[in-house]
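Step one of this worksheet: look at the structure below.
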């Protein structure tokens with residue numbers, strides 16, 4: 008047991024944060040919100056040059072050979088700086104999916120380009136009216152030599168800048184009834200509409216209307232789509248938790264800085280015990296969130312079962328971090344109600360990150376499911392197997 | 058970074074678990090409980106049990122080898138504390154967590170030689186003489202006086218909220234030797250033999266059912282040799298040693314036990330698939346995991362040679378607030394049967410959950426209450442102004 012960051016990880020986190028916090032002004036970040044691209048291409052180029060887009064990919068594919076834990080630290084730093092980038096779509100979602108579950112053809116073709124930041128890919132998994140992925144309505148109908156895709160996807164990240172979209176569809180050909188297909192964004196029949204959403208991500212609804220793709224579009228071997236999807240959902244939840252931790256840290260830092268300098272009643276705001284106790288609670292909650300996120304990320308990175316830990320991390324961060332940003336605003340008062348104060352960036356990003364990849368309710372339901380069907384997993388490592396003293 | 062116990066740590070946990078399971082048998086639970094004592098174990102049993110902990114090598118396992126210790130890292134000490142709490146075993150208190158570490162840090166060689174071997178064997182119970190009627194959260198306000206007289210100090214004053222003073226061989230005493238202002242200067246630390254003439258102990262029943270104590274010192278003579286640290290510099294001893302106690306208090310075994318008990322109850326009642334209960338238990342299990350990670354995070358920092366301070370207080374806060382969540386949730390889960398006490402027809406777990414609901418109230422104010430701890434986090438952790 009050793010719950011401390013290694014020197015290397017700590018230094019990666021500091022470096023990433025230092026870059027992310029100085030990459031863009033708050034004004035520029037606000038201007039990018041709602042734009043089609045959603046991020047600054049020059050900054051993304053710099054992130055690629057520093058090796059962030061490749062951090063999680065193997066050396067022979069042009070990556071840095073680090074793991075998901077290091078990726079979580081980078082995502083956290085970006086969250087803390089409110090820095091928009093295609094990191095989530097291209098690396099966390101599509102890139103790692105191709106790396107872990109992709110067939111050789113697509114992996115060899117795309118992973119090195121994603122790692123180098125030369126190509127952005129994204130995924131299309133969720134569907135309108137189906138926020139929790141209970142069913143998949145989009146279909147991949149077998150045709151001679153390929154498939155025809157019909158359906159509508161939503162919460163597709165960076166669809167305007169992505170070269171291709173890894174799309175989940177029902178497919179009668181596949182043993183698990185599902186297929187992941189690589190759909191070039193420019194194909195006829197692919198239409199997209201920008202979502203107007205809280206937070207800083209460029210999210211799209213993408214409609215597939217009789218889109219024809221060749222049989223080689225299949226991203227995974229037959230019967231492997233569901234497993235790839237499960238890993239994607241776990242990874243997405245864990246890294247959204249990491250983003251939330253970064254958001255929470257930024258909100259706390261802004262609040263403490265403000266409380267130290269703002270004077271009312273001839274005293275700094277932070278000398279009032281009511282304010283101090285709010286700040287202490289925020290700090291405590293943030294630390295719990297960070298530890299739960301670290302545990303989930305470390306287990307995923309090591310390839311260990313992490314169902315319980317991911318659900319706990321995302322459930323807790325999705326509850327606690329938006330709550331933390333509400334308290335941050337309460338302490339700031341009116342000043343932070345205005346758009347030119349940076350706290351609003353975090354207030355809205357917390358909403359979006361909490362909702363993405365399963366909100367708190369979704370993940371508590373997953374834990375409740377474990378409780379009902381797999382008590383040992385629900386209970387985790389500290390399981391004594393002792394009878395509770397009957398008496 | 059590794060969130061799993063190593064094979065050796067796992068083996069140690071299994072060993073402690075087996076030891077405690079073998080010691081705390083059903084028969085022991087039937088015959089050795091005493092509602093009049095803090096922790097509800099007969100005082101003779103607690104003392105005998107502490108000697109067994111000593112014989113098994115658990116008390117000194119984290120001390121340096123030069124003092125007969127095992128040199129085990131704080132991770133092992135946390136595992137030990139977690140198991141002790143999980144099994145609700147007696148004896149894990151200031152006598153083995155706080156006083157020996159304070160002696161190691163601040164005691165003279167003679168004091169270490171005099172006390173550490175006996176502490177390691179589990180022979181000594183200590184009471185910590187800090188709080189007074191006018192010095193609770195504001196500890197530096199203490200009034201008990203120690204006046205030099207020849208080669209002794211003469212102590213006069215009153216201590217309050219004195220846990221286990223009635224069974225202590227020694228008192229770890231804070232008394233005023235110097236000026237009243239500034240008030241945290243002029244405090245000194247002493248070791249006082251509780252057999253000394255002039256000590257009187259009063260008993261006060263608590264709402265939790267057990268008896269607490271107040272201690273009166275009337276011209277009690279304490280030899281110079283039992284002054285700990287420099288005269289008038291006791292405050293730094295108090296502050297320097299307090300983190301040792303906190304680290305033990307942050308152990309997550311109580312919370313793990315509370316979770317397991319509720320899970321066992323839900324299973325017995327066939328309610329593991331109740332969606333409302335499922336949501337509640339999912340929240341509680343998440344908080345319990347957070348408290349467990351906090352505790353091992355502190356242990357990891359120590360194991361790396363860092364000296365966490367406010368972080369330790371934060372871990373105690375987290376553990377104790379989580380325990381209080383479980384106390385309330387436990388009553389909720391028992392429904393109409395919640396208020397039934399030990400021995401009553403219909404009482405679940407022999408009324409333990411209701412008893413703990415009263416007992417654990419002290420978490421909210423003792424050894425750094427919830428509000429005081431938030432002050433500590435705000436000042437020392439976030440640098441907010443006083």
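Residue numbers (this note's numbering), protein chains in the order written: chain A, 8 to 398; chain B, 58 to 443.
A virtual CB, placed ideally from N, CA and C, is assigned to each residue, including glycine.
Since we're looking at a predicted model, the values are computed, not measured.
Secondary structure of residue i, DSSP reduced to three states
i, result
"residue 169(B)", "helix"
"residue 237(B)", "coil"
"residue 374(A)", "helix"
"residue 195(A)", "coil"
"residue 299(B)", "helix"
"residue 184(B)", "strand"
"residue 344(A)", "helix"
"residue 248(B)", "strand"
"residue 186(A)", "strand"
"residue 200(B)", "coil"
"residue 176(A)", "strand"
"residue 304(A)", "helix"
"residue 11(A)", "coil"
"residue 363(A)", "coil"
"residue 275(A)", "strand"
"residue 144(B)", "coil"
"residue 361(B)", "coil"
"residue 115(B)", "coil"
"residue 66(B)", "helix"
"residue 398(A)", "Reliability fails at residue 398(A), whose pLDDT of 42 lies under 50, so the model's placement of it is uncertain and no value is given."
"residue 332(A)", "helix"
"residue 211(A)", "strand"
Contacts around residue i, its chain only, beta-carbon distance under 6 Å, and the 5 residues preceding and following it disregarded
i, result
"residue 327(A)", "292 and 296"
"residue 250(A)", "82, 86 and 360"
"residue 103(B)", "147 and 148"
"residue 416(B)", "265"
"residue 117(B)", "125, 126 and 177"
"residue 213(A)", "131, 160, 163, 166 and 199"
Whole-angstrom C-beta distance between residue j and residue i, which should lie under 8 Å
i, j, result
"residue 143(B)", "residue 313(B)", "5 Å"
"residue 248(B)", "residue 222(B)", "14 Å between Cβ atoms; not a contact."
"residue 387(B)", "residue 315(B)", "7 Å"
"residue 251(B)", "residue 231(B)", "Incorrect: roughly 16 Å between the Cβ atoms, too far for contact."
"residue 259(A)", "residue 352(A)", "Not confirmed; about 14 Å, so no contact."
"residue 213(B)", "residue 289(B)", "About 18 Å separates the two Cβ atoms, so there is no contact after all."
"residue 184(A)", "residue 177(A)", "6 Å"
"residue 298(B)", "residue 159(B)", "4 Å"
"residue 117(A)", "residue 123(A)", "Their Cβ separation, rounded to whole angstroms, is 11 Å, which puts residue 117(A) and residue 123(A) out of contact at 8 Å."
"residue 131(A)", "residue 175(A)", "7 Å"
"residue 246(A)", "residue 95(A)", "7 Å"
"residue 102(A)", "residue 64(A)", "7 Å"
"residue 31(A)", "residue 84(A)", "About 13 Å separates the two Cβ atoms, so there is no contact after all."
Own chain, CB closer than 7 Å to residue i, minus 5 neighbours either side, in chain order
i, result
"residue 409(B)", "none"
"residue 261(A)", "335, 349 and 350"
"residue 5(B)", "The first residue shown for chain B is 58 and the last is 443, placing residue 5(B) beyond what the model contains."
"residue 64(B)", "none"
"residue 191(B)", "198 and 200"
"residue 69(B)", "133 and 136"
Contacting residues, own chain, Cβ-Cβ under 8 Å from residue i (five flanking each side not counted)
i, result
"residue 303(B)", "369, 370, 372, 373, 424 and 425"
"residue 331(B)", "323"
"residue 80(B)", "106, 109 and 146"
"residue 270(A)", "276"
"residue 206(B)", "278"
"residue 170(A)", "126, 127, 128, 191 and 192"
If contact means a Cβ-Cβ distance below 7 Å, which residues of the stretch 367-385 of chain B contact chain A?
371, 374 and 375
Chain A contacts made by the stretch 327-358 of chain B, where a contact means CB separation under 7 Å
Cβ contacts with chain A: 329, 330, 332, 335, 336, 338, 339, 340, 342, 343, 346, 347, 349, 350, 351, 353, 354, 357 and 358.
Touch check for the stretch 71-79 of chain A and the stretch 40-54 of chain A: three-plus C-beta pairs under 8 Å?
no
Closer than 7 Å between beta carbons: that is the criterion. Which residues of the stretch 263-276 of chain A meet it against chain B?
263, 266, 267 and 275
Note down, in chain order, all residues in the stretch 116-145 of chain B with a beta-carbon under 7 Å from any beta-carbon belonging to chain A.
132 and 143
Chain B contacts from the stretch 312-335 of chain A (Cβ-Cβ distance under 7 Å)
Across the stretch 312-335 of chain A, CB contacts with chain B closer than 7 Å involve 319, 322 and 323, in sequence order along the chain.
Sufficient close CB pairs (3 or more, under 8 Å) joining the stretch 271-284 of chain B to the stretch 338-345 of chain B:
At 8 Å Cβ cutoff, the stretches do not touch.
Using Cβ-Cβ distances below 8 Å, what residues of the stretch 59-80 of chain B are close to chain A?
59, 60, 61, 62, 63, 66, 74 and 78
Members of the stretch 294-306 of chain B near chain A, C-beta cut-off 8 Å
none
Could you name the residues of the stretch 407-421 of chain B whose beta carbon sits closer than 9 Å to any beta carbon of chain A, in the order they occur along the chain?
407 and 409
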